[in-house]
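*Asks:* Pasting in a structure now, in structure tokens, and then I'll have a few things to ask.
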Amino acid sequence: MPDNPRFIMIGGFLGAGKTTTISRLAQHYQSQGKRVAIVTNDQATDLVDTNLLRSQGFDVGEVAGSCFCCNFNELTRTVERLGENSRPDIVIAEPVGSCTDLVATVIRPLQQIYAVPFDIAPYGVILKPSHGLKILRGTTKGGFSPQAEYIFRKQIEEADFVILNRIDELNDATISELTSLIQLNFPGLPCVKISAMTGLGFEAFYDFLDLKGNFGTRAMEVDYDIYAAGEAELGWLNAQVALKATNPFALDAFLLKLLERINEGLTVHSAEVAHLKAIGMAEGKYAVANIVSSSSAPKLSIGCHSEVRVADLVINARVAVDPNLLTESIQAELHSVCIEFGIKESINTLQCFRPGRPVPTHRLAGVE
Ligand SMILES: Nc1nc2c(ncn2[C@@H]2O[C@H](COP(=O)(O)OP(=O)(O)O)[C@@H](O)[C@H]2O)c(=O)[nH]1
Ligand SMILES: [Mg+2]
């Protein structure tokens, strides 16, 4: 009998580095000859992450329209679909970055209700340094409301281990401050330090993920009123846009300029960016740009270094601002950047909303 598929879920706030981490993990396990399937998740369709991971050649299923916890059956159906042709050895799942209580609503139901047995890996949650420092210090506001900060903290509280990401760009003093803050706020919680970008620290991370044991047994109280208020603070926008130009344009430069201008436009409204990302895809080439906080500059996480005439663009924005204002702002900036680059844009789909109150399919409390 083959072993049960291993289920690895990587949590963490919006823009923490989950997709970058998952891509690296998937590559690692595939290089060991294992069959890997990935499940992405969002409150709406048109996901940058799904497009990116598929462009990288991975087998990706998507739960779109609601989160894993509120649509547990779609998660299990998606996993089953991914296994239709050949059974995966490893399923890696990326939950929505504003979700918490995932041990009670996803991991325990998988263990106790779902008929197909999984071998559950320890649940790791990525700590996003840019917001984590401010929130865990507890001195200044992290740029979000106390309710959104509540979600940030709850995500780490339920983890079997915390993953301190982006160590490639943190100095020793900041790493040691963050490590102390984690111990102070979450005593005894194991911490691995990585750079999802460079691969630094991944050997210890793989060892952690390989641990066998009974995970997801700890009980955690969650106030769903605060949780719902924290999620509803975010304006959520997913759009899919066709770009066409008479003369070739540099796709990388276009994405960077677009995100820069959207961020500038939002700063005027003091709207904190949780994650703003865009992928441009053209004839097998693709580029991805991201902004992970209002104070950070746009970064090209993947460049295509090419000029194109026609491209598909997907924009995902999660920003603490009214969704109507977010739509107006993004449409206006998109249009003006397109004019600058000599591009004619047509928006094929656009969804914009505040996430509704989370109502989990199952909620299995842990052992006190
Ligand atoms: N410098 C640096 N950037 C990172 C690292 N991990 C992720 N990023 C960048 O952070 C942004 C958000 O990453 P992503 O994986 O999409 O986050 P997610 O929203 O949690 O899935 C992207 O621009 C990534 O390139 C890291 O270890 N170092
Ligand atoms: Mg992601």
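Under the numbering used here, the first residue of the sequence shown is numbered 159, with each subsequent residue one higher.
Beta carbons are placed, not taken as given, at the ideal position from N, Cα and C, and that holds for glycine.
Any chance the CB of residue 200 is under 7 Å from a heavy atom of ligand 1?
*Replies:* No; taking the cut-off as 7 Å, the Cβ of residue 200 has no heavy atom of ligand 1 nearer than that.
*Asks:* If you drop the 5 nearest sequence neighbours on each side, which residues of the same chain put their C-beta closer than 6 Å to that of residue 435?
*Replies:* If we look at residue 435 and ignore the five residues flanking it on each side, its Cβ neighbours are 206, 448, 474.
*Asks:* Taking the alpha carbon of residue 514 as the reference point, which residue from 178, 383, 347 has its own alpha carbon closest?
*Replies:* Per the Cα distances, 383.
*Asks:* Is the distance from the Cβ of residue 253 to the Cβ of residue 225 below 8 Å?
*Replies:* Yes; because the gap between Cβ atoms is below 8 Å, this pair is in contact.
*Asks:* Does the beta-carbon distance from residue 469 to residue 416 come in below 8 Å?
*Replies:* Their beta carbons are not under 8 Å apart, which means residue 469 does not touch residue 416 by this criterion.
*Asks:* Any heavy atom of ligand 1 within a distance shorter than 7 Å of the CB on residue 106?
*Replies:* Outside the shown range of the chain, which is 159 to 526, sits residue 106, and nothing can be said about it.
*Asks:* Taking 8 Å as the threshold (C-beta atoms), are residue 164 and residue 251 in contact?
*Replies:* Contact: no.
*Asks:* Could you check the C-alpha separation between residue 166 and residue 442 for me, to the nearest Å?
*Replies:* Cα to Cα, residue 166 sits roughly 29 Å from residue 442.
*Asks:* Do residue 283 and residue 320 have their beta-carbon atoms positioned less than 8 Å apart in this structure?
*Replies:* Cβ distance < 8 Å, so residue 320 and residue 283 count as in contact.
*Asks:* How many angstroms separate the CA atom of residue 262 from the CA atom of residue 190?
*Replies:* Cα to Cα, the separation comes out at about 31 Å.
*Asks:* At the level of alpha carbons, what is the spacing between residue 497 and residue 510?
*Replies:* One C-alpha to the other measures close to 24 Å.
*Asks:* Specify which residues have a beta carbon nearer than 5 Å to any heavy atom of ligand 2, listing them in chain order.
*Replies:* Residues with a Cβ closer than 5 Å to any heavy atom of ligand 2, in chain order: 176, 177, 207.
*Asks:* Any heavy atom of ligand 1 closer than 7 Å to the CB of residue 457?
*Replies:* Indeed, a heavy atom of ligand 1 lies less than 7 Å from the Cβ.
*Asks:* Does any residue of chain D have a CB that is nearer than 8 Å to the CB of residue 435?
*Replies:* Among the chains in the structure shown there is no chain D, since it carries only a single protein chain.
*Asks:* From residue 491 to residue 503, what does the alpha carbon distance come to, in whole angstroms?
*Replies:* Each residue's alpha carbon lies about 12 Å from the other.
*Asks:* Just verifying my parser: in three-state terms, what is the DSSP assignment at residue 271?
*Replies:* Of the three classes helix, strand and coil, the one that applies to residue 271 here is coil, per DSSP.
*Asks:* With a Cβ-Cβ cutoff of 8 Å, do residue 440 and residue 399 count as a contact?
*Replies:* Taking 8 Å as the Cβ cut-off, residue 440 and residue 399 do not qualify as a contacting pair.
*Asks:* Using the rule of at least 16 other Cβ atoms within 10 Å of the residue's Cβ for burial, across every protein chain shown, is residue 273 buried or exposed?
*Replies:* Residue 273 should be labelled exposed.
*Asks:* Can you find a heavy atom of ligand 1 that lies under 7 Å from the Cβ of residue 434?
*Replies:* No, Cβ of residue 434 sits at least 7 Å from all heavy atoms of ligand 1.
*Asks:* Helix, strand or coil for residue 290, going by three-state DSSP, please let me know.
*Replies:* Three-state DSSP puts residue 290 in a helix.
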